[in-house]
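Enquirer: In the working numbering, the protein residues as written are 35 to 196.
Quick reminder that beta carbons are idealized off the backbone N, C-alpha and C, glycines included.
Sharing a structure, written as structure tokens. Questions coming.
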Amino acid sequence: MHSESPSAGAPAITRRVDLSEFGDGMDGCYAIVRLRSYQDVLEVRKQDFTKEGFDTIGYEIGVVKDHFVAGKILKFNAEGKPALADMTSDDVDASPEIADKLYAVIMGITLDPKGLSTAAPSKGASSTSSTSTSQPSSTDQPTSTLTSPETSSSTATPTSEE
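Structure below.
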């Protein structure tokens, strides 16, 4: 889906995405992305995400890089200390979580946390809470974050809100 940069005069429908949740000290970090167009939706419909050898991660990163506008992120400065700096499209895959979040916002996908893998317990959680004795049901299985709004399952639904 590697679209060209929008031409002058094209609608600038963007969203600012807060990145502070992705790491310590990332308050003030954000990315501005261009939201999907109708043409982007048609392009997604052409993709066969189940085809053997299809590079879903590469596809997702390509979409995010194509739709990236601007932002701020922590980068190491000359003294080797993290400092707020301009974010570029090359920074969108600094972490899988950032890339996944930006892709979801661009494509209008809301991820249902019940359908995602269980994270490690947070600090202060008892050690017994990290083990579960219940078996997941078929509706609790994780799904890919690459589910498009047009082919969404019960764990990913389109939305116009963040």
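Using 8 Å for Cβ pairs, my map puts Ala-133 next to Val-98. What's the rounded Cβ distance?
Expert: Ala-133 to Val-98, Cβ: 6 Å. Contact.
Enquirer: Thinking C-beta only, is Leu-76 closer than 9 Å to Ala-65?
Expert: The answer is no: Cβ separation not under 9 Å.
Enquirer: Can you tell me the Cα-Cα spacing of Gly-92 and Gly-114, whole angstroms?
Expert: Rounded to whole angstroms, Gly-92 to Gly-114 spans 30 Å at the Cα level.
Enquirer: Which residue comes first and which comes last in the alpha helix (DSSP H) that contains Gly-92?
Expert: Where Gly-92 is concerned, the enclosing alpha helix (DSSP H) stretches over 90-101.
Enquirer: Does the beta-carbon distance from Ser-129 to Gly-59 come in below 9 Å?
Expert: No; because the gap between Cβ atoms is not below 9 Å, this pair is not in contact.
Enquirer: Let me check understanding here. Comparing Cα to Cα, which of Val-51, Asp-82, Ile-47, Ala-44 lies closest to Glu-131?
Expert: The residue with the shortest Cα to Cα distance from Glu-131 is Val-51.
Enquirer: Which residues does DSSP list as the beta-bridge partners of Phe-110?
Expert: Answer by DSSP bridge pairing, in chain order: Pro-116.
Enquirer: Would you call Ala-44 buried or exposed, if buried means 16 or more other Cβ atoms sit within 10 Å of its Cβ?
Expert: Result: exposed.
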